[in-house]
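J.: What follows is a structure written as structure tokens; I'll ask about it next.
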Amino acid sequence: MYQLIEKALKIQFQQLIDEPRRIFHGRGYLYVGLEHINLDWFPPVLLITGYKTIEDADSLISLVKQQDELDQIKSIVLQRRSGKGAPSDCVWGENIPKFIVVENGLRFEVQPGVHQNAGLFLDMRLLRTWLKQYSKGKNVLNLFAYTCSLSVAAMAGCATQVVNVDMNRSSINWGNRNHELNDQDLRSVRTIPHNIFRSWGKIQKMGPFDLVIIDPPSRQRGSFDAEKDYVTILKRLTRLCKPGSDIIATLNSPYLGSDYLPNLMQRYQPKYQLLRQFPASTGFEDKFPEKGLKVYHFRG
């Protein structure tokens with residue numbers, strides 16, 4: 001039943017893996033019958049996520065342990081996304097609710113299994129790498145900041161200031177811890193723990209911005225609906241940004257295709273030209289890429 005997962009585990013765990021990564025991407029719909037299963041590695045914890053009931057989960061857990069030839073896995077966590085609140089259990093090893101991982105030289109606090117999301121989106125690795133390379137000297141606005149991994153990367157790339165906006169104060173506090181983990185001066189990290197759509201005045205006072213990151217959830221009750229709310233943000237760009245500014249805009253919705261956001265930008269902010277769409281990060285190959293995470297770079 002789980003031969004393809006076994007193969008992926010064998011390939012990955014025959015060597016030391018010291019950075020977080022996706023081990024198996026069932027949600028990419030490339031593996032028939034396994035579309036509901038993802039495996040993520042947050043060393044030393046392996047997180048198994050089931051988007052519906054995983055049949056014979058005990059066999060899958062045993063298989064994971066068998067393929068860990070170098071004894072890297074200290075804990076296996078099983079998360080049931082189909083259950084209310086996405087409940088999780090430590091199904092093998094020691095319970096490690098909170099710890100630090102290192103990606104591309106940057107340190108991040110993660111809590112796999114404690115919340116619905118672990119605190120570090122592995123599919124954004126390429127964007128974090130890009131921000132570390134191209135943020136020097138820039139005033140950066142990070143909308144829907146979550147745990148601020150993108151602003152950590154921007155500060156590591158010598159941004160002059162980052163402004164993190166997220167209505168979830170606990171996420172912002174988590175983000176500040178991430179900045180501190182990387183010895184980044186919090187005097188250059190501004191935070192607005194409020195609803196973006198009620199905070200435009202505060203945001204504008206901290207501009208103008210050289211780089212704006214728009215990384216919203218596709219649909220979050222009471223917070224953001226991509227089809228209704230993206231336009232509102234795009235219309236604000238000319239008031240927030242310097243001429244020639246860069247815009248990183250993401251869309252993670254299976255219902256809105258690859259052309260949706262570029263067409264929206266062309267209609268409401270035609271001066272911003274699409275420079276590139278980022279490829280999928282390693283491990284996130286998708287049979288239907290237009291339904292997965294889409295990350296765009298505009299400039300205008």
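Read in order, the letters of the sequence shown correspond to residues 1 to 300 in my numbering.
Backbone N, C-alpha and C define an ideal beta-carbon position, used for all residues, glycine too.
1. Taking 8 Å as the cut-off, does the segment 67 to 83 touch the segment 125 to 144 (at least 3 CB pairs, one atom from each stretch)?
2. Give the range of the beta strand (DSSP E) segment to which Ala249 is assigned.
3. In terms of residues, what are the limits of the beta strand (DSSP E) holding Asp89?
4. Assign Glu103 to one of three DSSP states: helix, strand, or coil.
5. For Lys110, name the three-state secondary structure that DSSP assigns.
6. Reducing DSSP to helix, strand and coil, say where Arg301 ends up.
7. Based on the DSSP output, what are the partners of His25 in its beta bridges?
8. Apart from the five residues just before and just after Thr250, which ones in its own chain have a Cβ nearer than 6 Å to its Cβ?
9. Would you call the segment 136 to 147 and the segment 156 to 176 in contact, with 3 or more CB pairs under 8 Å?
10. Hey, is Gly93's beta-carbon within less than 8 Å of any beta-carbon in chain C?
11. Please state whether DSSP places His383 in a helix, a strand or coil.
12. I think Thr147 touches Gly105, with their Cβ atoms under 8 Å apart; what is that distance to the nearest whole Å?
13. May I have the straight-line CA-CA distance separating Pro289 from Phe298, to the nearest angstrom?
14. Would Asn164 and Ile172 qualify as a contact pair, given that the criterion is a beta-carbon distance under 8 Å?
15. Pop quiz: Thr49 and Asn38 are said to be a contact at Cβ under 8 Å. What is the actual Cβ separation, rounded to whole angstroms?
16. Specify, as a first and last residue, the run of the beta strand (DSSP E) that His297 falls within.
17. Looking only at DSSP bridge pairs, what is Leu47 linked to?
18. Any contact of the segment 257 to 273 with the segment 95 to 109, i.e. 3+ C-beta pairs under 8 Å?
19. What number of angstroms, rounded off, separates the C-alpha of Ser151 from the C-alpha of Phe224?
20. Quick one, which of Glu55, Arg27, Gly300 and Glu227 has its alpha-carbon nearest Tyr2's?
21. If I follow the unbroken alpha helix (DSSP H) through Asn263, where does it start and stop?
22. Give me whichever residues DSSP pairs with Phe209 in a beta bridge.
23. Between the Cα of Phe284 and those of Leu16, Glu35 and Tyr272, spot the shortest distance and give me the residue it belongs to.
24. Give a yes or no on whether the C-beta atoms belonging to Pro304 and Val114 are separated by under 8 Å.
25. Under the rule that 16 or more other beta-carbon atoms within 10 Å means buried, what is Asn195, buried or exposed?
26. Take Thr191 and list the residues in its own chain whose beta-carbon comes closer than 6 Å to its own, dropping the five residues that flank it on each side.
T.: Considering the structure as presented:
1. By the C-beta criterion, the segment 125 to 144 is judged not to be in contact with the segment 67 to 83, since fewer than 3 inter-stretch pairs fall below 8 Å.
2. On the sequence shown, position 249 is the one that residue 249 refers to. Ala249 -> beta strand (DSSP E) spans Cys241 to Asn252.
3. To locate residue 89, count along the sequence shown from 1; it is residue 89. Boundaries of the beta strand (DSSP E) around Asp89: Ser88 to Gly93.
4. As a working mapping, residue 103 is identified with position 103 in the sequence shown. Correct three-state label for Glu103: strand.
5. Position 110 of the sequence shown, counted from the start, is the residue given in the question as residue 110. A quick correction: the sequence has Val, not Lys, at residue 110. In the three-state reduction of the DSSP assignment, Val110 falls in the strand class, which pools E and B.
6. Residue 301 lies beyond the stretch modelled for the chain, which goes from 1 to 300, so this question has no answer here.
7. Taking the sequence shown and counting its residues from 1, one reaches residue 25 at position 25. Its beta-bridge partners are Asn38.
8. Counting from one through the sequence shown, the residue named residue 250 turns up at place 250. Asp215 and Val295.
9. Three or more beta-carbon pairs separated by less than 8 Å link the segment 136 to 147 to the segment 156 to 176, which places the two stretches in contact.
10. The structure shown contains no chain C; it is built from a single protein chain.
11. With the chain running from 1 to 300 in the structure shown, residue 383 is simply not present.
12. Taking the first residue of the sequence shown as 1, we reach residue 147 at position 147. Taking the first residue of the sequence shown as 1, we reach residue 105 at position 105. About 18 Å; that fails the 8 Å criterion.
13. One-based indexing of the sequence shown puts residue 289 at position 289. One-based indexing of the sequence shown puts residue 298 at position 298. Between Pro289 and Phe298, the C-alpha separation is close to 20 Å.
14. Looking up residue 164 in the sequence shown gives position 164. Looking up residue 172 in the sequence shown gives position 172. Contact flag set, yes.
15. Position 49 of the sequence shown holds residue 49. Position 38 of the sequence shown holds residue 38. Confirmed, Cβ separation roughly 4 Å.
16. Here residue 297 is taken as the residue at index 297 of the sequence shown, counted from 1. Secondary structure note for His297: its beta strand (DSSP E) is the uninterrupted segment Leu293 to Arg299.
17. Taking the sequence shown and counting its residues from 1, the one referred to as residue 47 is at position 47. Per the DSSP secondary-structure output, Leu47 pairs in a beta bridge with Asp40 and Val77.
18. Verdict: no, contact absent.
19. The count along the sequence shown starts at 1 and reaches residue 151 at position 151. The count along the sequence shown starts at 1 and reaches residue 224 at position 224. Spanning the two alpha carbons is a distance of roughly 20 Å.
20. Here residue 2 refers to the residue found at position 2 when the sequence shown is read from its first residue. Selected option, being the one with the closest Cα: Glu55.
21. Here residue 263 refers to the residue found at position 263 of the sequence shown. Membership of Asn263 in the alpha helix (DSSP H) is indicated by the continuous run Tyr260 to Tyr268.
22. Translated into positions along the sequence shown, residue 209 becomes position 209. Per DSSP, Cys241.
23. The count along the sequence shown starts at 1 and reaches residue 284 at position 284. Selected option, being the one with the closest Cα: Glu35.
24. Residue numbering for the chain in the displayed model covers 1 to 300; residue 304 lies beyond these limits and cannot be assessed.
25. Start at 1 with the first residue of the sequence shown, and residue 195 comes out as number 195. Per the 10 Å Cβ criterion, exposed.
26. Position 191 of the sequence shown, counted from the start, is the residue given in the question as residue 191. Sequence-distant partners of Thr191 (beyond 5 residues in either direction) whose C-beta falls short of 6 Å from its own C-beta, in its chain, are Asn164 and Ile172.
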